[in-house]
Amino acid sequence: MNTTETREPVVIIQNLKKSFGDNHVLNDFNLNVYKGENVVVLGRSGTGKSVLIKCLVRLLDADEGEMKVFGMSITDLKHKELDDIRAKIGFLFQSSALYDSMTVRENLEFPLRRHKHKISKQEVDALIKTALENVALAGTEAMMPAELSGGMKKRIGIARMLILNPEVMLYDEPTTGLDPITGREINHLMLEVQRKFNTSSIIISHDMNCVRRTANRVVVLINGKCYAEGTYDELKNSNDKNIKQFFD
Ligand SMILES: Nc1ncnc2c1ncn2[C@@H]1O[C@H](COP(=O)(O)OP(=O)(O)OP(=O)(O)O)[C@@H](O)[C@H]1O
Ligand SMILES: [Mg+2]
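Residues 2 to 249 (our numbering) are what the sequence shown spells out, left to right.
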């Protein structure tokens with residue numbers, strides 16, 4: 002028996018539809034993510050990868066479909082419940098999205114202040130220190146985002162995700178715009194996070210090195226649908242020209 006199919010998925014996306022006017026971006030998109038796995042969503046630019054994960058955390062409202070995280074229907078949640086569930090979902094934005102006018106420390110403190118109201122300064126200090134150690138950037142608390150390299154910004158973005166101990170991680174193009182070596186370091190960091198915290202991740206990417214190194218499973222997004230899925234090697238060996246184009 003395939004154990005993957007008997008387990009309850011951590012994330013369930015069913016028949017997700019999202020359009021902007023006549024632009025039908027997602028059209029009956031389906032995806033399950035199981036505990037501890039890294040699923041890469043592969044798709045060309047503009048196919049709706051960012052829209053997909055924004056719908057999942059309700060930064061965008063889906064038009065139709067069912068989305069469940071930890072068994073709870075995301076579409077039905079009221080403000081407080083949505084806030085609670087968002088605290089369990091780390092989101093690395095495509096742009097890293099650090100607050101430019103805040104230090105690294107203040108950037109990391111932000112989610113703690115928002116989601117953990119009764120927390121002492123000592124606890125905050127300890128959590129920030131650990132989060133920075135987890136991304137190999139200990140001692141950078143006082144730095145400003147403008148002083149950080151692209152790779153460091155991604156790491157701080159990941160530290161900011163980790164600080165609330167999320168069970169689900171959403172990485173939007175974590176390596177795009179980085180040089181290959183820095184990209185490799187970020188891939189390594191994502192694998193380390195998966196191993197250490199047993200997180201379930203959706204990684205959005207069209208960087209094939211990132212896909213190859215981080216994916217336990219790859220889903221290909223074409224025309225708003227999950228066009229194909231499999232391991233990196235399975236898809237790499239496909240004869241379908243729509244899939245082959247990613248590997249050429
Ligand atoms: N808030 C919005 N309002 C209107 N259209 C939007 C909005 N957000 C995204 N879109 C449109 O939805 C489509 C998918 O956008 P999305 O950002 O998800 O692409 P993507 O697959 O992440 O691309 P990339 O790889 O370049 O990041 C695009 O046509 C985009 O113009
Ligand atoms: Mg995008």
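Built from N, CA and C at the ideal position, the CB exists for glycine as well.
Next on the checklist: Cutting at 7 Å between CB atoms, please list the residues of its own chain near Gln15, excluding the five before and the five after it.
Outcome noted: Excluding sequence neighbours, Gln15 sits near Asn31, Gly66 and Glu67.
Next on the checklist: Looking at ligand 2, does it come within less than 8 Å of Ile223, judged from the CB to the closest heavy atom?
Outcome noted: The answer is no for Ile223.
Checklist entry - On the three-state DSSP scale, how would you describe Ser97? => result Coil at Ser97, not helix or strand.
Item to check | Outcome for Asn39 when other beta-carbon atoms lying within 10 angstroms are tallied against a minimum of 16 | outcome: By the 10 Å Cβ count, Asn39 comes out buried.
Next on the checklist: Quick check on this structure: which residue in Gly184, Ser102 and Thr176 has the alpha carbon closest to the alpha carbon of Met144?
Outcome noted: Nearest option by C-alpha distance: Ser102.
Checklist entry - Among Leu165, Ile205 and Lys197, which residue has its Cα nearest to the Cα of Glu174? => result Here the closest residue by C-alpha is Ile205.
Checklist entry - According to DSSP, what are the bridge partners of Asn39? => result DSSP, once it has assigned bridges, lists Ser202 as partnering Asn39.
Item to check | Start-to-end residues for the beta strand (DSSP E) that takes in Gly66 | outcome: Where Gly66 is concerned, the enclosing beta strand (DSSP E) stretches over Glu65 to Val70.
Checklist entry - Measuring CA to CA, which of Val212, Asp241, Asn240 and Ile223 is closest to Thr232? => result Measuring C-alpha to C-alpha distances from Thr232 to each of Val212, Asp241, Asn240 and Ile223 identifies Val212 as the nearest.
Checklist entry - Does DSSP put Met73 in a helix, a strand or coil? => result In this structure, Met73 counts as strand in the three-state DSSP scheme.
Item to check | Uninterrupted alpha helix (DSSP H) stretches inside the stretch 169–217 (no shorter than 4 residues) | outcome: The stretch 169–217 is shown to contain whole alpha helix (DSSP H) runs of 4 or more residues at 181–198 and 209–215, in chain order.
Checklist entry - Under a Cβ-count criterion, where at least 16 other Cβ atoms within 10 Å of its own Cβ denotes burial, should Gly44 be classed as buried or exposed? => result Per the 10 Å Cβ criterion, buried.
Checklist entry - Going along the chain, which residues of its own chain have a beta-carbon closer than 8 Å to the beta-carbon of Asn33, five neighbours each way excluded? => result Only Pro10, Val12, Ile13 and Ile14 meet the Cβ criterion.
Checklist entry - What do you get for Ser46, buried or exposed, if any count of 16 or more other CB atoms within 10 angstroms of its CB means buried? => result Classification for Ser46: exposed.
Item to check | Residue ranges of each alpha helix (DSSP H) within the stretch 75–157, 4 or longer | outcome: Counting whole runs of 4 or more residues, the stretch 75–157 contains the alpha helix (DSSP H) stretches 80–87, 105–116 and 122–135.
Checklist entry - Rounded to a whole number of angstroms, what is the C-alpha to C-alpha distance between Thr215 and Val41? => result So the two alpha carbons sit approximately 8 Å from each other.
Checklist entry - Hey, how far is the Cα of Arg87 from the Cα of Ala127? => result For Arg87 and Ala127, the distance between alpha carbons rounds to 22 Å.
Checklist entry - Is Asn166 helix, strand or coil by DSSP? => result In the structure shown, Asn166 falls within a coil segment according to DSSP collapsed to helix, strand and coil.
Item to check | Close beta carbons around Ile75, own chain, < 8 Å, minus the five adjacent residues each side | outcome: Excluding residues within five positions, the ones whose Cβ falls inside 8 Å are Leu57, Val58, Arg59, Met68, Lys69, Leu83 and Ile86.
Checklist entry - Any idea what DSSP makes of Val11, helix, strand or coil? => result In the structure shown, Val11 sits in coil (DSSP, three-state: anything other than H, G, I, E or B).
Item to check | C-alpha gap between Phe198 and Asn238, whole angstroms | outcome: Distance between the alpha carbons of Phe198 and Asn238 is about 32 Å.
Checklist entry - CA-CA distance, Met209 and Phe247? => result Cα-Cα distance, rounded: 8 Å.
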